[in-house]
């Protein structure tokens, strides 16, 4: 009943490792040039070209980004169940490139733009169909490929090899660094071309960069270890829930060893066995073997299969605790850009496009990631004895604290910006005041994103690693959707309670809004969320810690043939003893022959 992932893994000498990941890093860098540039500037494209109002452009962008990250689950599910991660990435990459081509064509044609109408959305008719179709296609393509590419790189490291397993945290750090380098180019050069030259030129550069990235991925195919898909992770989870419900009236055995598990001969080719834990005991009813029936699908599940579901359930509070942080990220990509257009955009003689301001946290990350990998991790490893320096959940916690601080700084900067603008509109404060909130959040993202990717990949059951890794992006999706909901809810509530009868985020002019109060609301919410995260993280038990009896575990996972082999040292001693005995006899015989020859002489 177990999925044979071990036999499906093609591990050939010279394949895998960082040599294979180099192609994945190149794709990540090239694809993120356009993706992050569009993520930053599309809000202003909706506002200035398609003539959405301020709230409409912000919500359209956050809904698009939320859909993109939500659809990573589709890519993860397909690559776990039907196709290899390499093939899945190529299919969705093709869709992403096609969508970028359509977006470029619409941006290049004035007849496909909208005229200003003063409403939430002014785009109509064929232009509206083309816009929303291209956005849906782009969300599907970009989301699906993001669900397959990170785990494709992670599977280049054999988790059963202690040396390769140590390289996994480094892989995720370098993956983020590759994304950061590409994003830096995107938010500077591509955003500049889009906003200052022509929108279609920026989209065209994004299209070409993404196309080249996937060509590089194809070139690297001979170097990849490709894992074939196994049983559907969704079906495996459904089986546990259905069988546990069927057996709800049965009593659990006092000894968990009486629960059903396949024998070692059947398991010899699989990569792991997850030992029984006492959390969520009601799920154990799925592993009760009926005396009058033979074990079969949908009648009984293995302990390992039940534990897979328990692992996913334990992950959900961690996933939920990171949603607020991504809601904060959405605000920095929407309202902060709008703030930038009302600030002094000059750096000497150079005029900085406001959507390019996120280059500041990206530069922070570009510098800090190598420092973190080569300085902090070795130092922390000596103290904590943990391979990654600090645990994945500790890393996420640091990011959550910094994201709350970022929102508090954003609120303070907005008060300063608005007061100065009201005092003298001709002398606004510098755009680089926004660098404080962006810089802090960039460091937060460095900790949280890599921590989550590594956490969901390492803790996931082997057959669910793509789907589980996509949980990181699911957090982004829910954060963006929650951002849209917050904007609408805050406007509706504050409209009723404020003396002016105007919502905190009403209208198109943010100088008449109370954006600073919205930022404070997010800061306070982030602090409360961190408290809930501390509870969730302390309650979570790492999968590797579930093996309470490590001696038994080592025996259970040892290949059967090793159980009957003589210990190497004993075998060597026996061989050595036989050899010494033979040498002694040969020497004695030779001495006897010599003595005989001397006597004859």
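Numbering (our numbering), first residue to last: 154 to 754. Yeah, the Cβ is synthetic: ideal placement off N, Cα and C, and Gly gets one too. Since the structure is predicted, the reported quantities are computational estimates derived from the model, not experimental observations.
Sequence-distant partners of residue 554 (beyond 5 residues in either direction) whose C-beta falls short of 7 Å from its own C-beta, in its chain, are 683. In the DSSP assignment, residue 500 is bridged to 503.
Fully contained in the region 479–565 is no beta strand (DSSP E) run of length 3 or more. The residue among 638, 486, 498 and 581 with its C-alpha nearest the C-alpha of residue 591 is 486. DSSP places residue 170 in the uninterrupted alpha helix (DSSP H) bounded by 170–201.
Counting C-beta pairs with one atom in each stretch, the region 335–349 and the region 501–511 have three or more that are closer than 8 Å, which means they touch.
Look at residue 583 here: in three-state DSSP terms it is strand. In summary, residue 188 is buried, with 16 or more beta-carbon neighbours lying within 10 Å of its beta-carbon over all protein chains present. In the three-state reduction of the DSSP assignment, residue 259 falls in the helix class, which pools H, G and I. The region 617–635 and the region 243–253 do not touch, with fewer than three beta-carbon pairs separated by less than 8 Å. The continuous alpha helix (DSSP H) containing residue 233 extends over residues 225–234. A straight-line Cα-Cα distance of about 37 Å links residue 232 and residue 680.
Here residue 436 is buried: its Cβ has 16 or more other Cβ atoms, across all protein chains shown, within 10 Å. Within the same chain, Cβ atoms closer than 6 Å to the Cβ of residue 480 are found at 632, 635 and 636, the five residues on either side in sequence being excluded. The closest CA to that of residue 430, considering only 443, 448, 451 and 467, is found on 467. In this structure, residue 557 sits away from residue 543, with a CB-CB distance that is not shorter than 8 Å.
Within the same chain, and ignoring the five residues on either side of residue 295 in sequence, the residues whose Cβ sits closer than 7 Å to its Cβ are 188, 221 and 249. In the three-state scheme derived from DSSP, where H, G and I count as helix and E and B as strand, residue 688 is classed as helix. Look at residue 385 here: in three-state DSSP terms it is coil, with no helix or strand label. Here residue 675 is buried, its C-beta having at least 16 other C-beta atoms within 10 Å.
For residue 695, the three-state secondary structure derived from DSSP is coil.
The DSSP-derived three-state label of residue 345 is helix. For residue 493 against residue 579, the beta-carbon gap comes to about 17 Å, at or over 8 Å, which does not count as contact.
Setting aside the 5 residues that flank it on each side, residue 604 is surrounded in the same chain by 545, 548 and 549, each with a C-beta closer than 6 Å to its C-beta; the list follows chain order. Judged by DSSP secondary structure, residue 317 falls within the alpha helix (DSSP H) whose first and last residues are 315–338. Proximity to residue 354 across 301, 253 and 403 peaks at 253, based on C-alpha coordinates.
For the pair residue 228 and residue 241, the CB atoms are nearer than the 8 Å cut-off. At a Cβ-Cβ threshold of 8 Å, residue 403 and residue 444 do not count as neighbours.
In terms of Cβ geometry, residue 370 and residue 180 form a close pair [threshold 8 Å]. With respect to the C-alpha of residue 472, the residue from 608, 410 and 491 having the closest C-alpha is 608. Distance from the CA atom of residue 209 to the CA atom of residue 642, rounded to whole angstroms, is 14 Å. Cβ neighbours of residue 629 within its own chain (closer than 6 Å, five residues either side excluded): 222 and 479. No Cβ-Cβ contact shorter than 8 Å links residue 359 with residue 599. For residue 616, there is no enclosing alpha helix (DSSP H), as DSSP gives it neither H nor E.
At the C-beta level, residue 350 and residue 540 stay beyond 8 Å of one another.
If you look at residue 269, you'll find it isn't in any alpha helix (DSSP H); DSSP assigns it neither H nor E.
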